[in-house]
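Throughout the sequence shown, residue numbering follows mature numbering (1 follows the signal peptide of the UniProt record, and there is no 0), covering -23 to -1, 1 to 407 in sequence.
Backbone N, C-alpha and C fix where the C-beta goes; we use that ideal spot for every residue, glycine too.
From a predicted model like this one, the values you see are computed outputs, not experimental measurements.
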Amino acid sequence: MKKWLTSLVAILLVFAIAIPVQAQSSGISVYYNGEKLDMTEPAFVEKGKTYVPLRSFFEELEYEVRYKSTKKQIILDWYGYESIIEVDTLKVIEFDEVVIEKLDLIYRNNTYYAPIRELEPVTVTTTRWDAATSSIYMEDDYSMLEPEEEHTPPEGFLWKVTKGEQTVYMLGSIHVGTYKMYPLRDEINKAYEASDIVVTEVDITKDPTEEEMKELEKLFTYQDGTTIKDHLSAEAYKALMELAKKLEIEGEDLEEFQTYQVWFINTMLSSGFDEGDADSVYGVDMHFLLQADEDELPIGELESFLQQYEMLAGFSPELQEQLLLETVMQYEYAFEGYEVGAGTDTLIDIWTTGDLEGLTEIAQSMKIASPEYYNALLTKRNAGMTDKIEQYLNDTQYKTYFVIAGALHFAGEDSIVAMLEKRGYKVERL
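What follows is the structure, given as C-alpha cells:
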C-alpha cells in the first residue's frame, strides 16, 4: 500500500479533483534569473493569473517605459528594441507584427497590470510558479530565436453521449498543464463551440462566499479546542514537528499550523512539490472556464468545492495519517538531495497521448492500494456526476452541454463512461 500512497495526492490534484483558485492580493515575489524584482506595486493573483504592474516590472528588467497619451500606447523600450502595447485594442506589436493578440490588460489604482505569463513573448522568458514560496521565477529563454517545432495538439480524452436531440460532450481534463498543450485539437474545440453551456467539477475562478468560508473554516481547523497533536500518533506528530522546524514554521505561525486538521496540512504540504513547467493556469478546466467567460457562455458545476473539501476531510484518521507520513517522507528525501516531484510530467504525458489504458491502470492500482481512497475519490463522486449528466440528457433548457471533469473519472470499471453504459446510453469516444 505504501508504494502507491505517495502518488495518490498528486494524481488527485491533477486528474480527479479541482481545488478552487483563491485570489491573492499580495505576498507574491517575482524573481528574474535568481534575483528578486523590487516592484513598487505588489503582484497579485486573480482568476488563476498572476498580474504584475507594468511600469515597475519592466523598469526592473531595465526597460524604459513610456506612455503616449495621444495614441493610447504603452512603449516598452529595451535598448532601442520597442514593444508597443495598444491600450484600445490590447494588441502587443513588435516591428509592425502582432506578437500578442489580446493582452489581458487591467487598470487599477492608477496602474496598468498584465499577466506575467502573457508577457513571455516580450520578455523572452519562461516563468514558473512555486506554490511553496508563493513566488514566480523567470528565466531567460533564447530558444525562441531558434526555429519552432511544429505543434502537435494533444489527444486528450473526449466522449459524446446523446439522447434524442440532447448532446453531452464529456472532456476528461487535467487540472494543471503547460503552454505547450495549446492549442487543443480541433475535435475538442469544435465540441466546445457547438455547446450552449460549459459545466466543470467546480468553477475554480470564483471566490467562496462569506457563508461558504465559514463552512470551510470548520473543515480546515479543529473546532473542539483540540490540536493536530491530539489526532496523530506520537510518531507522526514528532515527524511533522521536525518537518515544520526545517520549513521554519515557528512562533505564531506554528501555533496556527497546529490548529489545522490532518488532511488540510497534508494538502498544503503536497502542493509544495515541484511540478516542473506545469501550472494550474494552463489546466484544461481553467482554459475553458476563461474561454466561456469571454464568450459569455453560462457555467454550471457538477459539484461544489465544499463537497470536494468534505470528501478530503472525510478520510478515516488512519488514512489521513498515512498520507501525511508519506508526504513528510518525500520532504526528507528532498532534504537529502534527491529529486522529488509531484510526478506531473508523467501524468501530462498520459493526457497528451490520450492513453486510456494507462489511465485505467492508474485507477485500478489506486483501487488495490487503498479501496477507501478510491471509493471516496472516484466511485461515489462518479455516481453523482453520472446522475447530473443524465439530468442534462433529459433537460430542455440547453441542447448541448460541454462537461469537463478530471480524466480519471472517465477511466475504469467504476467510471462515468461505464456507469452511463450500464444505464443504457451509447458513449462514443471522439
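State the beta-bridge partners of residue i as determined by DSSP.
i, result
"Tyr89", "Tyr84"
"Met147", "Trp136 and Val380"
"Leu53", "Val42 and Ser60"
"Lys399", "DSSP lists no partner for Lys399."
"Thr27", "Val22"
"Glu103", "A quick correction: the sequence has Thr, not Glu, at residue 103. DSSP, once it has assigned bridges, lists Glu116 as partnering Thr103."
"Ser33", "Per DSSP, none; premise fails for Ser33."
"Asp256", "Gly154"
"Ser6", "Ser112"
"Val394", "Answer is none; Val394 lacks a bridge partner."
"Glu12", "Tyr9"
"Ile174", "Tyr378"
Using the rule of at least 16 other Cβ atoms within 10 Å of the residue's Cβ for burial, across every protein chain shown, is residue i buried or exposed?
i, result
"Arg94", "buried"
"Leu217", "buried"
"Gly141", "exposed"
"Lys26", "buried"
"Glu398", "exposed"
"Asn10", "exposed"
"Asp256", "buried"
"Tyr259", "buried"
"Glu390", "exposed"
"Tyr336", "In the sequence on display, residue 336 carries Leu and not Tyr. So Leu336 ends up on the buried side."
"Val46", "Looking at the sequence shown, residue 46 is not Val but Ser. Exposed, because fewer than 16 other Cβ atoms sit within 10 Å of the Cβ of Ser46."
"Val(-3)", "Bear in mind that a pLDDT of 40 at Val(-3), under 50, signals an unreliable position, so the number given afterwards is only what the model happens to contain. Val(-3) should be labelled buried."
"Asn352", "exposed"
"Gln368", "exposed"
"Val(-15)", "Note on Val(-15): pLDDT 41, under 50, position unreliable in the model; no value is reported."
"Leu96", "buried"
"Ala360", "exposed"
"Gln374", "exposed"
"Thr129", "exposed"
"Ser293", "exposed"
"Tyr310", "exposed"
"residue 425", "The structure shown does not extend to residue 425, since the chain is modelled only from -23 to 407, so the question has no answer here."
"Met158", "buried"
"Val75", "exposed"
"Met190", "exposed"
"Thr182", "buried"
"Ser392", "buried"
"Ser2", "Residue confidence for Ser2 is low, a pLDDT of 38 falling below 50, so the modelled location carries little weight; the figure read from the coordinates is stated next. It is exposed - the Cβ of Ser2 has fewer than 16 other Cβ atoms within 10 Å."
"Tyr350", "buried"
"Arg32", "buried"
"Arg400", "exposed"
"Met303", "The sequence shown places Glu at residue 303, rather than the Met named in the question. The residue is buried, with at least 16 neighbouring Cβ atoms inside 10 Å."
Looking at the unbroken beta strand (DSSP E) that takes in residue i, where does it start and where does it end?
i, result
"Ala20", "Ala20 to Glu23"
"Ile181", "It is not in any beta strand (DSSP E) - Ile181 carries neither H nor E in the DSSP assignment."
"Glu287", "Taken as a continuous stretch (DSSP letters only), Glu287 belongs to no beta strand (DSSP E), being part of the alpha helix (DSSP H) at Phe282 to Ala290."
"Glu405", "Val404 to Arg406"
"Glu278", "Ile276 to Glu278"
"Glu74", "Glu74 to Ile77"
"Ile164", "The amino acid occupying residue 164 in the given sequence is Glu; Ile does not appear at that position. Taken as a continuous stretch (DSSP letters only), Glu164 belongs to no beta strand (DSSP E), being part of the alpha helix (DSSP H) at Asp163 to Glu170."
"Ala71", "A quick correction: the sequence has Glu, not Ala, at residue 71. Counting along the chain, the beta strand (DSSP E) containing Glu71 begins and ends at Val69 to Glu71."
With respect to the alpha helix (DSSP H) encompassing residue i, which residues constitute its N-terminal and C-terminal limits?
i, result
"Tyr351", "Pro348 to Tyr351"
"Met190", "Glu187 to Phe197"
"Val305", "Pro294 to Phe312"
"Asp326", "Thr321 to Thr330"
"Met263", "Val261 to Asp272"
Practice task
Could you say if the stretch 378 to 393 and the stretch 330 to 350 meet the contact criterion of at least three C-beta pairs nearer than 8 Å?
Solution key: yes
Handout entry: Start-end ranges of the beta strand (DSSP E) lying completely within the stretch 354 to 385, minimum 3 residues
Key = 377 to 383
Exercise for the section: May I ask you to verify whether the stretch 83 to 99 touches the stretch 284 to 293, counting CB pairs closer than 8 Å and requiring at least 3? Expected result: no
Exercise for the section: Please list the segments of the alpha helix (DSSP H) lying wholly inside the stretch 206 to 248, counting only runs of 4 or more residues, in order along the chain. Expected result: Runs found: 211 to 223, 228 to 234 and 239 to 247.
Problem - Stretch-stretch touch, CB-based, cutoff 8 Å, three pairs: the stretch 145 to 154 with the stretch 163 to 172 - result: yes
Problem - Cβ contact check for the stretch 325 to 341 and the stretch 357 to 369: 3 or more pairs under 8 Å - result: no
Problem - Contact between the stretch 391 to 407 and the stretch 173 to 189 (3+ Cβ pairs under 8 Å) - result: no
Problem - contact_flag[the stretch 256 to 265, the stretch 208 to 217] where n(CB pairs < 8 Å) is 3 or more - result: no
Practice task
Tell me, please, whether the stretch 28 to 42 touches the stretch 52 to 65 by the rule of three or more beta-carbon pairs shorter than 8 Å.
Solution key: With the cut-off at 8 Å, the stretch 28 to 42 and the stretch 52 to 65 touch.
Problem - Sufficient close CB pairs (3 or more, under 8 Å) joining the stretch 234 to 248 to the stretch 189 to 208 - result: yes
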